[in-house]
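In the numbering used here, the protein residues as written are 23 to 592. Beta carbons: idealized from backbone N, C-alpha and C, even for Gly.
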Amino acid sequence: MKYLAVLFLIIFTFSGVYSQEKWSATRKPVMGNYVKLPSENYAWQNNNRTTQFYTYDNIVITVGPSIRVLPTSNAQQDEIILVRHPSNQNIMFGGANTTVGGVFGQGGYWTTDGGSTWSGNNLLPPFTQSSSDPGPAIDKNGVIIFSTLDSPGMVAAYSTNMGASWSGRITIQSGSVDKNFAASDDAPTSPYYGRSYCVWSYFAVGQPPIYCGYTTNSGVSWTGVMQVNTPPGGHYSQGVDIAIGPTGQVYLAWAAPTSSSPYTEDYLGFAKSTTGGTSWVVTENAYDMNGIRASSFNGWTFRVNGFPRIAVDRSGGPRDGWIYVVTSEKNLAPAGTDADVILHRSTDQGTTWSPGIRVNQDPLNNGKVQFFPAIRVDENGGVNVCYYDNRNYPSVGDSAETYMSRSTDGGTTWIDIKVSDHAWKVKGEAGLGTYGGDYIGISSGNNRVFPFWYDDKTGTMQAYVAAVTLDPVGISGNTNEVPAAFELKQNYPNPFNPNTTISFALPNDENVKLEVYNMTGKSAGVLVNSDLKAGTYKFDFNAQDLASGIYFYKLTSGSFVSTKKMILVK
Numbered sequence: 023m024k025y026l027a028v029l030f031l032i033i034f035t036f037s038g039v040y041s042q043e044k045w046s047a048t049r050k051p052v053m054g055n056y057v058k059l060p061s062e063n064y065a066w067q068n069n070n071r072t073t074q075f076y077t078y079d080n081i082v083i084t085v086g087p088s089i090r091v092l093p094t095s096n097a098q099q100d101e102i103i104l105v106r107h108p109s110n111q112n113i114m115f116g117g118a119n120t121t122v123g124g125v126f127g128q129g130g131y132w133t134t135d136g137g138s139t140w141s142g143n144n145l146l147p148p149f150t151q152s153s154s155d156p157g158p159a160i161d162k163n164g165v166i167i168f169s170t171l172d173s174p175g176m177v178a179a180y181s182t183n184m185g186a187s188w189s190g191r192i193t194i195q196s197g198s199v200d201k202n203f204a205a206s207d208d209a210p211t212s213p214y215y216g217r218s219y220c221v222w223s224y225f226a227v228g229q230p231p232i233y234c235g236y237t238t239n240s241g242v243s244w245t246g247v248m249q250v251n252t253p254p255g256g257h258y259s260q261g262v263d264i265a266i267g268p269t270g271q272v273y274l275a276w277a278a279p280t281s282s283s284p285y286t287e288d289y290l291g292f293a294k295s296t297t298g299g300t301s302w303v304v305t306e307n308a309y310d311m312n313g314i315r316a317s318s319f320n321g322w323t324f325r326v327n328g329f330p331r332i333a334v335d336r337s338g339g340p341r342d343g344w345i346y347v348v349t350s351e352k353n354l355a356p357a358g359t360d361a362d363v364i365l366h367r368s369t370d371q372g373t374t375w376s377p378g379i380r381v382n383q384d385p386l387n388n389g390k391v392q393f394f395p396a397i398r399v400d401e402n403g404g405v406n407v408c409y410y411d412n413r414n415y416p417s418v419g420d421s422a423e424t425y426m427s428r429s430t431d432g433g434t435t436w437i438d439i440k441v442s443d444h445a446w447k448v449k450g451e452a453g454l455g456t457y458g459g460d461y462i463g464i465s466s467g468n469n470r471v472f473p474f475w476y477d478d479k480t481g482t483m484q485a486y487v488a489a490v491t492l493d494p495v496g497i498s499g500n501t502n503e504v505p506a507a508f509e510l511k512q513n514y515p516n517p518f519n520p521n522t523t524i525s526f527a528l529p530n531d532e533n534v535k536l537e538v539y540n541m542t543g544k545s546a547g548v549l550v551n552s553d554l555k556a557g558t559y560k561f562d563f564n565a566q567d568l569a570s571g572i573y574f575y576k577l578t579s580g581s582f583v584s585t586k587k588m589i590l591v592k
């Protein structure tokens with residue numbers, strides 16, 4: 023949500039000691055003179071259509087190109103969130119704060135084919151009155167429920183036809199509100215199956231608490247609006263997120279910033295409801311944290327926060343029901359002196375919490391920053407966290423990319439994967455001071471994870487998505503028989519569509535790199551890059567994300583280098 027810099031608007035919109043803590047509810051351009059921030063070339067087009075390949079524990083992870091979901095040069099798209107249909111994994115819906123021709127509205131972007139193609143609208147009809155903070159959900163009936171901050175406060179609308187048309191705005195709560203999210207109970211065994219919830223901070227009182235309301239009729243009306251917590255002295259509640267448990271439990275996590283400048287996120291608040299949002303068990307201080315909230319950050323004219331994001335394992339696997347919360351923190355172990363992504367987990371429905379676990383795997387205290395984490399537990403129980411990261415650029419005031427960290431053991435160990443195929447010069451949205459959005463999103467389905475972020479590489483803030491495919495077929499080896507010499511065999515079948523097997527032999531324990539190139543010599547992906555024992559190996563290569571054509575694969579192991587040609591015919 024965008025920061026008000028006009029004093030009289032601050033005074034008359036909300037009052038009291040908490041006026042400065044609020045990420046203000048209406049978005050207005052900065053008044054007076056300002057220097058336009060440097061921007062990228064508006065004519066920039068992403069011509070990269072290369073799929074990147076990673077191997078980890080004999081699993082192949084492919085990262086597709088960064089796709090703009092609704093390309094435009096005259097609309098800003100930032101502060102985005104992505105949700106998935108509960109029973110149709112091909113359907114996803116994303117929301118965004120948008121600025122179109124001076125109008126501050128809400129954008130909606132949807133796919134019905136698993137992310138292959140996207141459609142959308144940068145100004146959804148119900149939200150054209152300086153609305154802010156998108157909070158969509160999709161309920162069991164496939165109805166999109168879109169919550170946002172708009173006149174006269176916390177409002178929502180719904181669509182029964184995937185965003186083609188919308189209801190009018192329905193008021194959930196009037197007054198000064200902030201930072202909302204929504205979720206729908208899609209657990210068939212839940213007694214509240216189909217109930218959808220909206221949560222937010224209520225800034226019309228002295229110490230802003232968390233509020234919750236719900237709808238039992240797909241957004242037609244809202245009831246049950248109630249205060250969830252009472253913040254302790256010297257703190258308030260902000261940045262609440264919501265997740266649903268395997269049998270309909272409702273979990274909330276929020277930050278408890280200090281009530282004096284710089285309003286640092288001091289600890290995590292947590293609440294649980296097993297009664298469909300009609301009563302709550304609250305822990306005001308679930309664990310300590312030290313967030314990164316600042317009006318400018320790391321040499322950038324870009325504001326940041328340490329608000330939490332929450333997800334629950336609903337896979338039915340060995341960690342079913344585990345709760346995960348991520349934040350961006352610094353100067354509190356395991357975070358270093360620069361901003362790191364920190365995860366805490368609970369195995370007992372939020373009664374107790376683990377110590378913090380550092381998610382990003384770059385060296386500690388290296389001067390690099392990671393911020394705006396979003397978390398998704400996929401259908402197989404993998405924990406996936408995407409975030410902005412500047413590890414590949416000068417430490418201060420330069421560029422950032424989007425990374426995703428993945429854990430398959432409940433958050434104990436992690437691998438880092440770069441998911442964006444370009445970087446951007448981090449800055450606020452032109453004319454809006456240091457505001458440039460406050461969060462990003464992530465979802466999953468069909469054995470893929472979809473990081474959803476925004477940047478202004480094109481010269482205007484644009485929403486991007488990348489498909490990260492989790493392929494269970496990878497490399498297999500036989501180390502019982504040691505070959506006499508290095509060998510790279512011809513792939514079989516060849517030509518192929520889209521699967522083929524690449525075999526090679528190692529007479530010694532070696533570091534092995536197996537890489538695919540296109541006809542121009544540009545890398546199409548690294549299939550293997552790890553230390554392997556002596557033996558014979560087979561790599562099952564799936565080229566579903568590559569275009570038809572001639573490719574070359576090269577094996578490098580010590581002084582041995584061999585290249586062969588293969589033909590993909592679709």
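Backbone CA spacing between residue i and residue j [nearest angstrom]
i: residue 376; j: residue 170; result: 33 Å
i: residue 263; j: residue 203; result: 6 Å
i: residue 116; j: residue 102; result: 7 Å
i: residue 91; j: residue 114; result: 12 Å
i: residue 578; j: residue 562; result: 18 Å
i: residue 66; j: residue 458; result: Confidence in residue 66 is poor, its pLDDT being 36 and thus under 50, which makes the residue's placement unreliable; the coordinate value appears in the next sentence. About 20 Å.
i: residue 150; j: residue 543; result: 49 Å
i: residue 314; j: residue 156; result: 22 Å
i: residue 148; j: residue 340; result: 43 Å
i: residue 210; j: residue 268; result: 9 Å
i: residue 581; j: residue 532; result: 10 Å
i: residue 292; j: residue 384; result: 29 Å
i: residue 231; j: residue 412; result: 34 Å
i: residue 309; j: residue 361; result: 18 Å
i: residue 338; j: residue 465; result: 18 Å
i: residue 143; j: residue 444; result: 25 Å
i: residue 141; j: residue 394; result: 25 Å
i: residue 188; j: residue 181; result: 5 Å
i: residue 233; j: residue 574; result: 58 Å
i: residue 306; j: residue 252; result: 8 Å
i: residue 186; j: residue 351; result: 40 Å
CB contact flag (residue i, residue j, <8 Å)
i: residue 277; j: residue 329; result: yes
i: residue 161; j: residue 218; result: yes
i: residue 483; j: residue 100; result: yes
i: residue 462; j: residue 475; result: yes
i: residue 221; j: residue 290; result: no
i: residue 223; j: residue 271; result: no
i: residue 336; j: residue 250; result: no
i: residue 146; j: residue 129; result: yes
i: residue 529; j: residue 506; result: yes
Beta-carbon proximity list for residue i, same chain, < 8 Å, skipping 5 on both sides
i: residue 435; result: 429
i: residue 547; result: 72, 73, 74, 75, 84, 537, 538
i: residue 468; result: 111, 112, 136
i: residue 499; result: 554, 555, 557, 558, 559, 560
i: residue 165; result: 180, 181, 182, 240, 241
Buried or exposed by the 16-neighbour rule on C-beta atoms within 10 Å, applied to residue i
i: residue 284; result: exposed
i: residue 287; result: buried
i: residue 303; result: exposed
i: residue 583; result: exposed
i: residue 53; result: A caution first: residue 53 carries a pLDDT of 35, below 50, which makes its placement in the model too unreliable to give a value.
i: residue 572; result: exposed
i: residue 401; result: buried
i: residue 585; result: exposed
i: residue 517; result: exposed
Close Cβ partners of residue i (< 7 Å) along its chain, the five nearest in sequence each way excluded
i: residue 246; result: 235, 236, 299, 300
i: residue 441; result: 85, 408, 424, 425, 426, 473, 488, 490
i: residue 509; result: 526, 527
i: residue 257; result: 278, 279, 280, 281, 288
i: residue 433; result: 346, 365, 367, 379, 405
Contacting residues, own chain, Cβ-Cβ under 6 Å from residue i (five flanking each side not counted)
i: residue 163; result: 240
i: residue 513; result: 522, 524, 588
i: residue 369; result: 344
i: residue 456; result: 317, 318, 323, 324, 325, 450
i: residue 356; result: 378, 380
i: residue 576; result: 537, 585
### Query
Can you list, in chain order, the stretches of the beta strand (DSSP E) that have 3 or more residues and sit fully within the stretch 292 to 354?
303 to 310, 331 to 334, 345 to 351
### Task
Give, in chain order, every unbroken run of the beta strand (DSSP E) that is at least 3 residues long and sits entirely within the stretch 512 to 539.
521 to 528, 532 to 539
### Query
Along the chain, which unbroken stretches of the beta strand (DSSP E) at least 3 residues long are found entirely within the stretch 108 to 168?
114 to 122, 125 to 133, 141 to 143, 154 to 160
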